[in-house]
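Peer 1:
2 protein chains.
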Amino acid sequence: MLENIDLSRKIEKEEYKAAMPGLELKLGVLQREAIERKIPVIIVFEGWDAAGKGTLINRLILNLDPRHFKVSSALRPTEEERLRPFLWRFWIKTPAKGKMAVFDRSWYQRVLGERVNKTVKKPEWLNAYKEINALERQLADDGNVIVKFFLHISKKEQKKRFEELESNPSTAWRVTKEDWQHLQQYDEYAGAVEDMIAKTGSSHAPWTIVEAHDRRFATVKIFKTVIQALESRVQALKAGGEQTARVQVSDNNLNDVSTSILDRVDLSLSLSEEEYAAKLKKYQERIRELEHQVYMKRLPVVIVYSGWDAAGKGGNIKRLTQNMDPRGYEVIPIGAPNDLEKQHHYLWRFWKEIPKAGHMAIFDRSWYGRVMVERVEGFCTEAEWKRAYREINEFEEQLANFGAVLVKLWLHIDKEEQLRRFKERQENPYKQWKITAEDWRNREKWDLYKIAVDEMLYRTSSPHAPWTIVEANFKYYARIKALKTVVAAIERRL
Amino acid sequence: MLENIDLSRKIEKEEYKAAMPGLELKLGVLQREAIERKIPVIIVFEGWDAAGKGTLINRLILNLDPRHFKVSSALRPTEEERLRPFLWRFWIKTPAKGKMAVFDRSWYQRVLGERVNKTVKKPEWLNAYKEINALERQLADDGNVIVKFFLHISKKEQKKRFEELESNPSTAWRVTKEDWQHLQQYDEYAGAVEDMIAKTGSSHAPWTIVEAHDRRFATVKIFKTVIQALESRVQALKAGGEQTARVQVSDNNLNDVSTSILDRVDLSLSLSEEEYAAKLKKYQERIRELEHQVYMKRLPVVIVYSGWDAAGKGGNIKRLTQNMDPRGYEVIPIGAPNDLEKQHHYLWRFWKEIPKAGHMAIFDRSWYGRVMVERVEGFCTEAEWKRAYREINEFEEQLANFGAVLVKLWLHIDKEEQLRRFKERQENPYKQWKITAEDWRNREKWDLYKIAVDEMLYRTSSPHAPWTIVEANFKYYARIKALKTVVAAIERRL
Chain A
1 MLENIDLSRK IEKEEYKAAM PGLELKLGVL QREAIERKIP VIIVFEGWDA AGKGTLINRL
61 ILNLDPRHFK VSSALRPTEE ERLRPFLWRF WIKTPAKGKM AVFDRSWYQR VLGERVNKTV
121 KKPEWLNAYK EINALERQLA DDGNVIVKFF LHISKKEQKK RFEELESNPS TAWRVTKEDW
181 QHLQQYDEYA GAVEDMIAKT GSSHAPWTIV EAHDRRFATV KIFKTVIQAL ESRVQALKAG
241 GEQTARVQVS DNNLNDVSTS ILDRVDLSLS LSEEEYAAKL KKYQERIREL EHQVYMKRLP
301 VVIVYSGWDA AGKGGNIKRL TQNMDPRGYE VIPIGAPNDL EKQHHYLWRF WKEIPKAGHM
361 AIFDRSWYGR VMVERVEGFC TEAEWKRAYR EINEFEEQLA NFGAVLVKLW LHIDKEEQLR
421 RFKERQENPY KQWKITAEDW RNREKWDLYK IAVDEMLYRT SSPHAPWTIV EANFKYYARI
481 KALKTVVAAI ERRL
Chain B
1001 MLENIDLSRK IEKEEYKAAM PGLELKLGVL QREAIERKIP VIIVFEGWDA AGKGTLINRL
1061 ILNLDPRHFK VSSALRPTEE ERLRPFLWRF WIKTPAKGKM AVFDRSWYQR VLGERVNKTV
1121 KKPEWLNAYK EINALERQLA DDGNVIVKFF LHISKKEQKK RFEELESNPS TAWRVTKEDW
1181 QHLQQYDEYA GAVEDMIAKT GSSHAPWTIV EAHDRRFATV KIFKTVIQAL ESRVQALKAG
1241 GEQTARVQVS DNNLNDVSTS ILDRVDLSLS LSEEEYAAKL KKYQERIREL EHQVYMKRLP
1301 VVIVYSGWDA AGKGGNIKRL TQNMDPRGYE VIPIGAPNDL EKQHHYLWRF WKEIPKAGHM
1361 AIFDRSWYGR VMVERVEGFC TEAEWKRAYR EINEFEEQLA NFGAVLVKLW LHIDKEEQLR
1421 RFKERQENPY KQWKITAEDW RNREKWDLYK IAVDEMLYRT SSPHAPWTIV EANFKYYARI
1481 KALKTVVAAI ERRL
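Here you go:
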C-alpha cells in the first residue's frame, strides 16, 4: 500500500506561514497542560533515511519548554545495551509523568532495520511484535499518550536526496555506503513497514504516516497530529477523569492532512474489446483449473470485493465465477446485519461464512463495513471502529495462519463516473432497481467515505492480506485485473 | 504450582444445604438481569478427566431459564470443523446479547489436550495463545462477561475415580484406554495448565481454579464466582453505563472459597546443625563455580526473594552470596518507590535493574509488591493490580526470551512463627531496629495478604518463571533449599 500513498501533497509557503504561529501557540499551551495534569507523552519518529527526521523533530521541539522533554536517538545498541533485552534501553527512557520523550528511531528498529538487514533472526523479530505491543499497552494503561510517525518518501526521492547531500562537500559525509545499500533494499523495507503498521497500530498507540516530500506539509501534519492527541487527552481528563482517559475524540481536524491512497489511482486505465475478450477467455479457463487444484490441495480461498456504489462489483464477480464449478465456490452477499446478527459481535456473521478448506468464498461486501459505512453513518461508536482495524488484522491473520489465500479488492471509480452510472441507472428502466435514495445519500458523503477508505487501505494491508486497488472507471479493465489478481494469488500458493 | 493447591478443602453438608438456596435464587435473579440488560455471558469449563465437569455444569444450569442458555461440548472436531480454523467452531457458538453460552471444554483444548497429545505442533499451539487472547479480548470489548473454570483434582484422586467408575458395571464404559493414558501424562498436562493460566489470565477473562475433590465445595465456588461476575457487571452498568462495564468490583465475597497454595506448605521441615553446615559448604562452593560459568557463558540470572515480614530473607540472601565474587552479582533491596520512581510505570525501576548478560541480580523484594502490599494497602487501584498479573507475566517472559534464568522464592512462615520472631526482635536490643510499628500493622492484615499471595503464586507461575515455596519456619532448612534451588536452576541451563 505504501507505494500508493499520494506523496505529491504540499502546502504553499503563504498558507504555511499563516498556519504555523497558531499551531505553535496551541502546542505550547498543550504542553503546559500536559505538565500540569501530569500526562506522560511519547512521540516516536520512524521513517526512511533522509526523510527528514532530524529537521522535523527540531521543528517540533523548537517551541517546547526544554525542561520537560528529552530527545533520544536510537543508534546501534552499545555493548552495555546489547547485554540486555532489546527493550531495556527504551524502557529506561520512558517519560516521567508530565514529561515528553521523543524517540528518533525507536524499538521499531527491531522489526525494520534489524529485520531487513537480518541482524536478528525471524523468530526474534516476530516475537518482538508481541513485546512491543505489550510495552505500548502497559504504558498506555499507565496514562501515556503515544504518538507514532512514519516519515514516508519514495525510492526516487530518497535517491535524489542522497545525491544532493553527496554533491555538497559540507554534507557529503552524511551519506554512507550503508545508506546506498538501504536504497537497494527499499522494497523489502517497505514490506516490513506495512507489516509493522498492520501489527502494531492500535487506538492507544496509532501510527500516522507523514507524506514527507514537502517539508511544510510534513511539519503541519506532525504538529496537527500531536496537538490532536494531546487535546483529546486533556479534554477526556477534563470531562471524566481517569476512566475515560484513553478514549480519543474524533480527529476531524486532521482531515486536510490525512493520508490518501486513492488520490494516486490511475483511473484512465482501460482495455479494448478485443483485448478484453481474449484475456477474459484465458483467465476464466485458468481459474477453473485452479478451482480444481484448490479443491485437491484443500486450500481455503477468501476473496473480498469492496468498492464504491456502482463501481461494478456485481458484474465483476459474475465474470470471475462464470466458468467456475458451482460446487467449489460460494458468493456471499453482505447487506445490513439482521436482528440475530446484530445481537452478536460484528465478526460473528463472517466467521460463520468461512469456507471449508478446498473451497472459495467470494464476499460481495464484507467485514470492512465496520470501518466504512458503520463508521461514516455512526452505526457504531468511534471506539468500536477504531479497535476494528486491529480486530480485522487479527481475523485475517488467523485465516492466513490456517493457510487461506486472501484476496482483497477495492474497486475504485471517481465521483464523476459514479454520477454518470447513477444517472444511467435512473434512466434505464431495466436498471432502475439498482439505484435507491440511499445511494444518493451516500454519495453526498463521498469525502467522508474517502477518508475512511484511505485509512482502511493503509491500516489493514499486510503481507498475508494485501489490498489490491482495481481501477474501475473502465469495466473491461477492472474485470480482467480482478481475475488476474485472483489467479496470481492462488498460483503463488500452489 | 498446581501441585501445591490445597485440595483438602470441603464444605459440610449442613453448611451446603444452608447456603445453596440463597445462591440459586441470586443466580436466577442475575440471569434475568443479564437478559434484560442484554449482557452476553460465556462460561468455560476445563479440567481433568473425571473432575466432575458434567455434574457441575448440570448443577449450575438447573435453576436457569433454559430458553436463554446453551451448553456446548467440545468433542474432537468433526470433519466439517477440521476444515476450518480451530476457533471457528467456537466463534459460531458465541452467545447473542442476553444469552449465556456454557462450554464443556473449549478452545483451550488446543493448548491442553492437543498440545500434550501432540496432535498439533508447537508453533501451532504457541500461536493459539495469541488467537485465544484475541478472541477473548474481542468478545470482552463487545460486552461479553467471560468466566473460566479449571476443575482441579490430584493424580491420586483421578486414579481413584477411574477405578471407582470401572468397578461399577453401569459406569465402566465411561473409562477409556485414553483416560488411563491421560493419567500417565498427568504431570505434563499440569505443566500445560500452568502455562495456560499464566498466558491467558486477564482481568476481562480471568481463570478460577476450582478445588474439585469435594463436590459441595466446588459447587459453591462455581456459583459464587458466576454470581460475582454477573453482579459486578450489572452494578457497573447501573452505575455508569457502558464506559465502566469492564471494571470489576472487588471479589471479597469469594475469599472463603479462594484458592490456597499456602495452606499446603509443610512448615515442619528442618535440618540439623551438622547437616546444615555440610550442605552449606557444598552449595556455597558450587554457586561460586557456577557464578564463574554464568559469566563465561554470558547468562543473565535474576533471583527474586519474597516472603512474609521476618521470614528471614536477609539472612538467606547472605548465605547465598557469602562465598560469591562480588563483581558478578548485585543485591537490589526494594523498598517503597521514591518520588522519581512514582512518576513512572511501576515496572520502570525494575527494568532499570535488569542485570547484564553474565551477571546475577538478587532482588530483596521485587515487582511483586504491586500485587501484594500495593494491592492490600490500596496504594494502587483494583484495575491496576488486576492487570499487573499479565504485565508481570509479560515482563518475565521477555526476560526468559532474552535467555535469563529466573528463580522466584517465596519464604513462607506461619503466623505463630512470625509472632515469635517479632517478639524476639523486640526483646533483643541488637535486633530492635528490625521491627517497626508497620510490621505489626501488616501482621494484622495477615489474612488479606494471604489471599493476595495465594493469587500471586498461581497466576504468575509459568514454566519459564516458576515459583518455589521455601518452607522457612526453620532457617537452616530454608537457606539450604534456596541455595539448592538457585544451583539447580542454573545447572539446568548450563
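Protein chains in written order, with the working numbering: chain A, 1 to 494; chain B, 1001 to 1494. From the three backbone atoms N, C-alpha and C, an ideal C-beta is built for every residue, glycine too. Model, not experiment: these values are computed from the prediction.
(1) By the DSSP assignment, the alpha helix (DSSP H) with Phe90 of chain A in it spans what residues?
(2) Residues in the same chain with beta-carbon distance under 7 Å from Arg1493 of chain B, minus the five sequence neighbours each way, listed in chain order, please.
(3) Please look up how many angstroms separate the CB atoms of Ile42 of chain A and Asn144 of chain A, rounded, as I've assumed it's under 8 Å.
(4) Give a yes or no on contact between the segment 86 to 101 of chain A and the segment 1341 to 1348 of chain B, applying the rule of three or more CB pairs nearer than 8 Å.
(5) Among the candidates A:Leu23, A:Pro206, A:Val304 and A:Val376, whose CA atom is the shortest distance from the CA of Pro355 of chain A?
(6) In whole angstroms, what is the alpha-carbon distance linking Arg421 of chain A and Arg76 of chain A?
(7) For Leu406 of chain A, which residues in chain B fall below 8 Å Cβ to Cβ?
(8) How is Gln248 of chain A classed by DSSP in three states: helix, strand or coil?
(9) I'd like to know whether the C-beta atoms of Ala1218 of chain B and Ile1146 of chain B end up nearer to each other than 9 Å.
(10) Residue ranges of each beta strand (DSSP E) run of no fewer than 3 residues wholly in the segment 1394 to 1449 of chain B, ordered along the chain?
(11) Going straight from the alpha carbon of Leu1023 of chain B to that of Ile1039 of chain B, what length do you get?
(12) Can you tell me which residues form a DSSP beta bridge with Phe1149 of chain B?
(13) Locate the beta strand (DSSP E) running through Phe1069 of chain B, then write down its first and last residues.
(14) At a CB-CB cut-off below 9 Å, which residues of chain B make contact with Trp91 of chain A?
(15) Is the distance from the Cβ of Leu112 of chain A to the Cβ of Val226 of chain A below 9 Å?
(16) Quick one: complete alpha helix (DSSP H) runs, 4+ long, within the segment 1317 to 1377 of chain B?
(17) Need the endpoints of the beta strand (DSSP E) that Trp307 of chain A sits in, please.
(18) Determine the extent of the beta strand (DSSP E) in which Thr171 of chain A is found, giving its start and end residues.
(19) Answer yes or no: does any C-beta atom of chain A fall closer than 9 Å to that of Thr1094 of chain B?
(20) Quick one: is Thr1078 of chain B buried, meaning 16 or more other Cβ sit within 10 Å of its Cβ, or exposed?
(21) Suppose you measure from the CA of Ile1480 of chain B to the CA of Gln1284 of chain B; what does that come to, to the nearest Å?
(22) Please list, in chain order, the chain B residues whose beta carbon lies closer than 7 Å to that of Phe582 of chain A.
(23) Beta-carbon separation of His1359 of chain B and Tyr1295 of chain B under 9 Å?
(24) Can the beta-carbon of Leu183 of chain A be found closer than 9 Å to that of Phe162 of chain A?
(25) Apart from the five residues just before and just after Phe1149 of chain B, which ones in its own chain have a Cβ nearer than 6 Å to its Cβ?
(26) Cα separation between Gln54 of chain A and Gln185 of chain A?
(27) Interface residues of chain B around Arg387 of chain A at Cβ under 7 Å?
(28) Could you work out which residues of chain D lie near Asn1127 of chain B, taking near to mean beta carbons separated by less than 7 Å?
(29) Using a cut-off of 7 Å between C-beta atoms, extract the partners of Ala198 of chain A located in chain B.
(30) Label Ser1461 of chain B either buried or exposed according to how many other C-beta atoms from any shown protein chain fall within 10 Å of its C-beta, with 16 as the threshold for buried.
(31) According to DSSP, what are the bridge partners of Met1100 of chain B?
(32) Consult DSSP for Thr1200 of chain B and reduce its assignment to one of helix, strand or coil.
(33) What residues of chain B sit near Lys70 of chain A, judged by a beta carbon separation below 7 Å?
(34) For the segment 1096 to 1116 of chain B, which residues have a beta carbon sitting closer than 9 Å to at least one beta carbon of chain A?
(35) Thinking C-alpha only, which one of A:Asn442, A:Arg37 and A:Ala239 is nearest Leu419 of chain A?
(36) Cα-Cα, which of B:Val1407, B:Asp1263 and B:Trp1173 is closest to Pro1463 of chain B?
Peer 2: In short, the structure shows the following:
(1) Trp88 to Trp91
(2) Leu1299 and Val1405
(3) 5 Å
(4) yes
(5) A:Val304
(6) 56 Å
(7) Per Cβ cutoff of 8 Å: no residues; Leu406 of chain A is ~12 Å from chain B at best.
(8) With a pLDDT of 44 at Gln248 of chain A, under the threshold of 50, the modelled position of that residue is not reliable, and the figure given next carries that caveat. Of the three classes helix, strand and coil, the one that applies to Gln248 of chain A here is coil, per DSSP.
(9) no
(10) 1405 to 1412
(11) 20 Å
(12) B:Phe1045 and B:Thr1208
(13) Phe1069 to Ser1073
(14) His1345, Leu1347, Trp1348, Trp1351, Lys1352 and Ile1354
(15) no
(16) 1339 to 1342, 1348 to 1351 and 1373 to 1376
(17) Per the sequence presented here, residue 307 of chain A reads as Gly, with Trp not at that position. Run containing Gly307 of chain A: Val301 to Gly307, per the beta strand (DSSP E) assignment.
(18) Per DSSP, Thr171 of chain A belongs to no beta strand (DSSP E) and is neither H nor E.
(19) yes
(20) exposed
(21) 10 Å
(22) Look at the range of chain A in this structure, 1 to 494, and you will see that residue 582 of chain A is not part of it.
(23) yes
(24) yes
(25) Phe1045, Thr1208 and Val1210
(26) In the sequence on display, residue 54 of chain A carries Gly and not Gln. Looking at the two C-alpha atoms, the distance is approximately 22 Å.
(27) Asp1141
(28) Absent from the structure is chain D; the protein chains it does hold are A and B.
(29) Chain B residues near Ala198 of chain A: none, gap ~14 Å exceeds 7 Å.
(30) buried
(31) B:Val1041 and B:Phe1069
(32) helix
(33) Within chain B, no residue comes near Lys70 of chain A; the closest Cβ sits about 13 Å away, beyond 7 Å.
(34) Ala1096, Lys1097, Gly1098 and Lys1099
(35) A:Asn442
(36) B:Val1407
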